[in-house]
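Each remark here refers to the structure printed beneath this line.
Number of protein chains: 2
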Amino acid sequence: MTGPRLTPLAASLPATVPFVGPEEQERARGAPFAARLGANENLFGPSPAALDAMRAEAAEVWKYGDPKSHHLREALAGHMGVAPQNVLVGEGIDGLLGNLVRLLVAPGDAVVTSQGAYPTFNYHVTGFGGVLHKVPYRDDAEDLPALIDRAREVGAKLVYFANPDNPMGTWARGVDVTAALDTLPDGCVLCLDEAYTEFAPEGTAPKIAADDTRVIRMRTFSKAYGMAGARIGYAVADTGLIAAFDRVRNHFGMTRMAQAGALAALHDGAWLAHVQAEVARSRDVIAGVAAENGLRALPSAANFVAVDCGKDGAFARAVLAALVERGVFVRMPFVAPQDRCIRISCGPAPEMAVLGEMLPQALAEARENT
Amino acid sequence: MTGPRLTPLAASLPATVPFVGPEEQERARGAPFAARLGANENLFGPSPAALDAMRAEAAEVWKYGDPKSHHLREALAGHMGVAPQNVLVGEGIDGLLGNLVRLLVAPGDAVVTSQGAYPTFNYHVTGFGGVLHKVPYRDDAEDLPALIDRAREVGAKLVYFANPDNPMGTWARGVDVTAALDTLPDGCVLCLDEAYTEFAPEGTAPKIAADDTRVIRMRTFSKAYGMAGARIGYAVADTGLIAAFDRVRNHFGMTRMAQAGALAALHDGAWLAHVQAEVARSRDVIAGVAAENGLRALPSAANFVAVDCGKDGAFARAVLAALVERGVFVRMPFVAPQDRCIRISCGPAPEMAVLGEMLPQALAEARENT
């Protein structure tokens, strides 16, 4: 018997996944993590108003969510200074990226990203048969001019650029992004992933006209708003590209709790400011812990810090493994030379204390074994 | 300037959506519905234990959900009498259908469904470039032998069959489904949509071996479990097909509240029994209201009832419009002759009272105007 006949594309895809979740690592090691600092989650949590809104909305969970996310979309339009038709609410940036790739990338189409950048974007491009062209980081930052040059060379339909960058935490000035857009080849879209923008210095987010067809920006409630487990993000672009998502998206895909929570979170500026301050403080704590151990923390505009372990990737991997063994969940960049670093998410004092206690032990173990 | 270059497939897709949501209709009419009976939602609501679990889990919303939905998957495997590797948790049946179609249907591939069956399935097939072949209902029921015959004729890779059926509420016996599977052409997968199975008579769900590669069954927490707004469903199939989803799905796509709520709901058999009894009672109420108005209710194995308005589609559409105008949200079948009916979801006494009050007025208005 033949069994299911996968499409040639589906049959060709690897069975790998972009990330192993921390719960799976916990099950494998048979113990929970003492410090969950590996997924750039927001340990300072969501706005209490957002929590209240989600809990209240649970009573309405028997209803499907509004496929238009009408009220949230209106509020986001105000927040971004655009029209509601420039905004699409989706199942986190991961979901939005999948649909963006599906709209633009046919098998064989060229797509440009940085070597070592967000693997879930690559997962989607591969998943739709696109051909990835990767540009190295320059000085631990995504190299936007080089990305655009490569896009021109290969005729890319889509370029991925995260600002601030993950996993390094580096960032570009908004004015430089705006200027770079003018060099983007005709018919190429820049996907500007701004997942961490709320943690970045003033001026990091570029000014982009609502009707600019060259760029789509993606934002999320998973990071600064502390709602990763609610799966909600949004895209902002020209009305034509936003409308195109209606051809492919899962219209009834949003949960009601996410819609209600995001709306409340967006209105709680005081909580956002609190989180921003806590994250800034925690970045300094991580840098301090690194320095105490003779390591250098890279400057970061995000809610995580890349810590240079001072040697090669094998050494950093050994440090990471020793931390994980000691109950500290962290991750690290995938490619050299960025993989000399480990990436540590910000968190409150108890988790920072665990990090401070375990990092010297992990370093000692790594130095013994490498 | 060229702007974004959609793929030829994306550019060819219509800008239509499978359904207009009730919130959008409420905004258009400027008033909320008094009786929300159009989307086969469960007005009796979720298990209180599920509500508690969702509200408790909200405190953990800063964490991404477990991409494996490990605990829920284990519980569902027990519930279905299969191994966890036979089960996939996904963002409702809508999300699971999209990924199933993506795995199996390349542009030009043949897919078979019933004329007037679930439009969201058709939306996905069209969205991936598949070619839909539609078989008429027979006696207001999906005609499984005819679907399979057509699949053989056109070399279909996928056949959609809902049991119980939506929108008519009719159903096939499980033993007949099992027997029909033996006639399915080699290499063709039957997608058995069992969204409403918990409302159906004993014996409606066929016995299917865990390693049967001919069928994938889809179930949901949106209907009997009252969690439509949490977006969670599951697929059960041979391990090979289940594993294939890992190549394309949004691994971190599930919300934590949905995962926690579904697990609690699955364990609350008493609440499910309560809902089943209430739905059965409500089906009788709807049939009674229909009879009082000289209309015939079709027997239903789901949480809705198709009511034959006794004339053609134009008349039923007029009845529906008059109900909507009066604050009663209902929907109706899309094609003749099933479109002589309107489809009314079950609900508690207050909503049934609104229906009882408004149906005579709606019928009178429709009789005047058609």
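Going down the list, the sequences are from chains A and B.
Read left to right, the first sequence gives residues 1 to 370 (UniProt numbering).
Read left to right, the second sequence gives residues 1 to 370 (UniProt numbering).
The beta-carbon is built from N, C-alpha and C at its ideal position, and this holds for glycine as well.
Worksheet item: Using 9 Å as the limit for Cβ to Cβ distance, is His70(A) near chain B?
Response: Within the first sequence, the letter at position 70 stands for residue 70(A). Chain B, which has a Cβ nearer than 9 Å to the Cβ of His70(A), makes this yes.
Worksheet item: Are there 16 or more other CB atoms within 10 angstroms of the CB of Asn369(B), so buried, or fewer, so exposed?
Response: For the purposes of this step, residue 369(B) is taken as residue 369 along the second sequence, with counting starting at 1. Here Asn369(B) is exposed, its C-beta having fewer than 16 other C-beta atoms within 10 Å.
Item to complete: Pull up the DSSP beta-bridge partners for Phe158(A), would you.
Response: Mapped onto the first sequence, residue 158(A) falls at position 158. According to the sequence shown, residue 158(A) is Leu rather than Phe. In the DSSP output, where bridge partners are listed per residue, Leu158(A) has Val111(A), Val189(A).
Practice prompt. Would you please state the rounded distance, in angstroms, between the beta carbons of Leu355(B) and Val328(B)? I believe it to be under 8 Å.
Written response: Taking the second sequence and counting its residues from 1, the one referred to as residue 355(B) is at position 355. Taking the second sequence and counting its residues from 1, the one referred to as residue 328(B) is at position 328. Between Val328(B) and Leu355(B) the Cβ distance is about 6 Å, and since that is below 8 Å, they are a contact.
Worksheet item: At a CB-CB cut-off below 8 Å, which residues of chain A make contact with residue 412(B)?
Response: Absent from the model: residue 412(B). The displayed extent of chain B is 1 to 370, so no value can be given.
Fill in: Euclidean distance between Cα positions of Met1(B) and Leu241(A)
Working through the second sequence from its first residue, we reach residue 1(B) at position 1. Working through the first sequence from its first residue, we reach residue 241(A) at position 241. For Met1(B) and Leu241(A), the distance between alpha carbons rounds to 14 Å.
Worksheet item: Exposed or buried, Lys68(B), counting other C-beta atoms within 10 Å across all chains shown (16 or more means buried)?
Response: Residue mapping note: residue 68(B) aligns to position 68 of the second sequence, counting from 1. Per the 10 Å Cβ criterion, buried.
Worksheet item: Applying a beta-carbon distance threshold of less than 8 Å, which residues of chain A neighbour Ala243(B)?
Response: Residue numbering aside, residue 243(B) sits at position 243 when the second sequence is read from its first letter. In chain order: Ala15.
Worksheet item: What number of angstroms, rounded off, separates the C-alpha of Leu190(B) from the C-alpha of Leu158(B)?
Response: In the second sequence, the residue the question calls residue 190(B) occupies position 190. In the second sequence, the residue the question calls residue 158(B) occupies position 158. Straight-line Cα distance between these residues: approximately 6 Å.
Worksheet entry | Cβ separation of Leu104(A) and Leu6(B), assumed to be a contact under 8 Å, to the nearest whole Å | Mapped onto the first sequence, residue 104(A) falls at position 104. Mapped onto the second sequence, residue 6(B) falls at position 6. Confirmed, about 6 Å.
Worksheet item: Hey, does Thr220(B) have any beta-carbon neighbour from chain A nearer than 9 Å?
Response: Numbered from 1 along the second sequence, position 220 holds the residue referred to as residue 220(B). Answer no: the Cβ-Cβ gap between Thr220(B) and chain A never drops below 9 Å.
Worksheet entry | Any C-beta of chain A under 9 Å from that of Ala10(B) | Start at 1 with the first residue of the second sequence, and residue 10(B) comes out as number 10. It does; some Cβ of chain A falls within 9 Å.
Worksheet item: Got a sec, what are the start and stop residues for the beta strand (DSSP E) Met218(B) sits in?
Response: As a working note, residue 218(B) is residue 218 in the second sequence. Start and end: 215–220.
Item to complete: Compare the C-beta of Asn122(B) against all C-beta atoms of chain A and say whether one is closer than 9 Å.
Response: Within the second sequence, numbered from 1, the residue matching residue 122(B) stands at position 122. Judged by the 9 Å Cβ criterion, Asn122(B) is not in contact with chain A.
Worksheet entry | The beta strand (DSSP E) enclosing Tyr234(B), as first and last residue numbers | Residue mapping note: residue 234(B) aligns to position 234 of the second sequence, counting from 1. 233–236 is the span of the beta strand (DSSP E), which, as asked, contains Tyr234(B).
Fill in: Listed by chain order, chain B residues near Val189(A) by CB distance under 7 Å
Residue 189(A) sits at position 189 when you count from the first residue of the first sequence. Under the 7 Å cutoff, chain B gives Pro4.
Worksheet item: Relative to chain A, which residues along the region 143–173 of chain B have a C-beta separation below 9 Å, given in chain order?
Response: Lys157, Leu158
Worksheet item: What residue from Pro299(A), Leu295(A), Ala258(A) has the CA that sits closest to Gly310(A)'s CA?
Response: Start at 1 with the first residue of the first sequence, and residue 310(A) comes out as number 310. Looking at the Cα atoms, Leu295(A) is the closest of the given residues.
Worksheet item: Counting only beta-carbon atoms, is Tyr64(B) nearer than 9 Å to chain A?
Response: Numbered from 1 along the second sequence, position 64 holds the residue referred to as residue 64(B). Closer than 9 Å to some Cβ of chain A, the Cβ of Tyr64(B) qualifies, so yes.
Worksheet item: Where does Leu88(A) fall in DSSP's three states?
Response: On the first sequence, residue 88(A) is found 88 positions in, with the first residue counted as 1. If DSSP states are grouped into helix, strand and coil, Leu88(A) belongs with the strands.
Worksheet item: Can you find a CB in chain A that lies within less than 9 Å of the CB of Phe252(B)?
Response: Taking the second sequence and counting its residues from 1, one reaches residue 252(B) at position 252. At a cut-off of 9 Å between beta-carbon atoms, Phe252(B) makes contact with chain A.
Worksheet entry | Local Cβ density within 10 Å of Phe334(B), reported as buried at 16 or more and exposed below that | Counted from its first residue, the second sequence places residue 334(B) at position 334. By the neighbour-count rule (16 or more Cβ atoms within 10 Å), Phe334(B) is not buried but exposed.
Fill in: the region 65–85 of chain B contacting the region 232–246 of chain A, beta-carbon criterion three pairs below 8 Å
no
Worksheet item: Where DSSP assigns a beta bridge to Leu132(B), which residues make up the other side?
Response: Locating residue 132(B) in the second sequence gives position 132, counting from the first residue. Answer by DSSP bridge pairing, in chain order: Val111(B).
Item to complete: Quick one: list the residues of chain B neighbouring Asn86(A), beta-carbon separation under 9 Å, in chain order.
Response: Here residue 86(A) is taken as the residue at index 86 of the first sequence, counted from 1. Simply none; closest approach about 14 Å.
Practice prompt. Tell me whether Phe304(B) sits in a helix, a strand or coil according to DSSP, three-state version.
Written response: Indexing the second sequence from 1 puts residue 304(B) at position 304. Here Phe304(B) sits in strand by DSSP.
Fill in: Span of the beta strand (DSSP E) around Ile344(B)
Along the second sequence, one-based indexing puts residue 344(B) at 344. 341–345 is the extent of the beta strand (DSSP E) around Ile344(B).
Worksheet item: Under 8 Å Cβ-Cβ, which residues of chain A neighbour Val248(B)?
Response: What you label residue 248(B) is simply residue 248 of the second sequence in a count that begins at 1. Chain A residues near Val248(B): Ala10, Leu13, Gly127.
Worksheet entry | C-beta neighbour in chain B for Gly278(A), strict 9 Å | Numbered from 1 along the first sequence, position 278 holds the residue referred to as residue 278(A). According to the sequence displayed, residue 278(A) carries Glu and not Gly. Answer no: the Cβ-Cβ gap between Glu278(A) and chain B never drops below 9 Å.
Discussion item. Mapping the DSSP letters down to three states, classify Phe329(A) as helix, strand or coil.
Written reply: Here residue 329(A) is taken as the residue at index 329 of the first sequence, counted from 1. Phe329(A): strand per DSSP, three-state reduction.
Worksheet item: Distance, Cα to Cα, Leu323(B) vs Ala31(B)?
Response: As a position in the second sequence, residue 323(B) is number 323, starting the count at 1. As a position in the second sequence, residue 31(B) is number 31, starting the count at 1. If you take the alpha carbons of Leu323(B) and Ala31(B), they lie about 14 Å apart.
Discussion item. Helix, strand or coil, according to DSSP, for Ala35(A) in the structure here?
Written reply: Position 35 of the first sequence, counted from the start, is the residue given in the question as residue 35(A). If DSSP states are grouped into helix, strand and coil, Ala35(A) belongs with the strands.
Worksheet item: Rounded to whole angstroms, how far is the Cβ of Phe221(B) from the Cβ of Ala262(B), which I believe are closer than 8 Å?
Response: Position 221 of the second sequence, counting from 1, holds the residue named residue 221(B). Position 262 of the second sequence, counting from 1, holds the residue named residue 262(B). Yes, Phe221(B) and Ala262(B) are in contact; Cβ-Cβ is about 5 Å, under 8 Å.
Fill in: Partner residues on chain A for Asp94(B), Cβ-Cβ distance less than 9 Å
Translated into the one-based positions of the second sequence, residue 94(B) becomes position 94. Those within 9 Å of Asp94(B) in chain A are Asn250, His251, Phe252, Gly253.
Item to complete: Find the nearest neighbour of Asp212(B) within the set Ala195(B), Thr204(B), Asp182(B), Arg102(B), judged by alpha-carbon distance.
Response: As a first step, residue 212(B) must be located in the second sequence, where it is residue number 212. Closest option to Asp212(B), Cα to Cα, is Asp182(B).
Worksheet item: Secondary structure at Arg256(B), three-state DSSP: helix, strand or coil?
Response: By one-based count along the second sequence, residue 256(B) stands at place 256. In this structure, Arg256(B) counts as helix in the three-state DSSP scheme.
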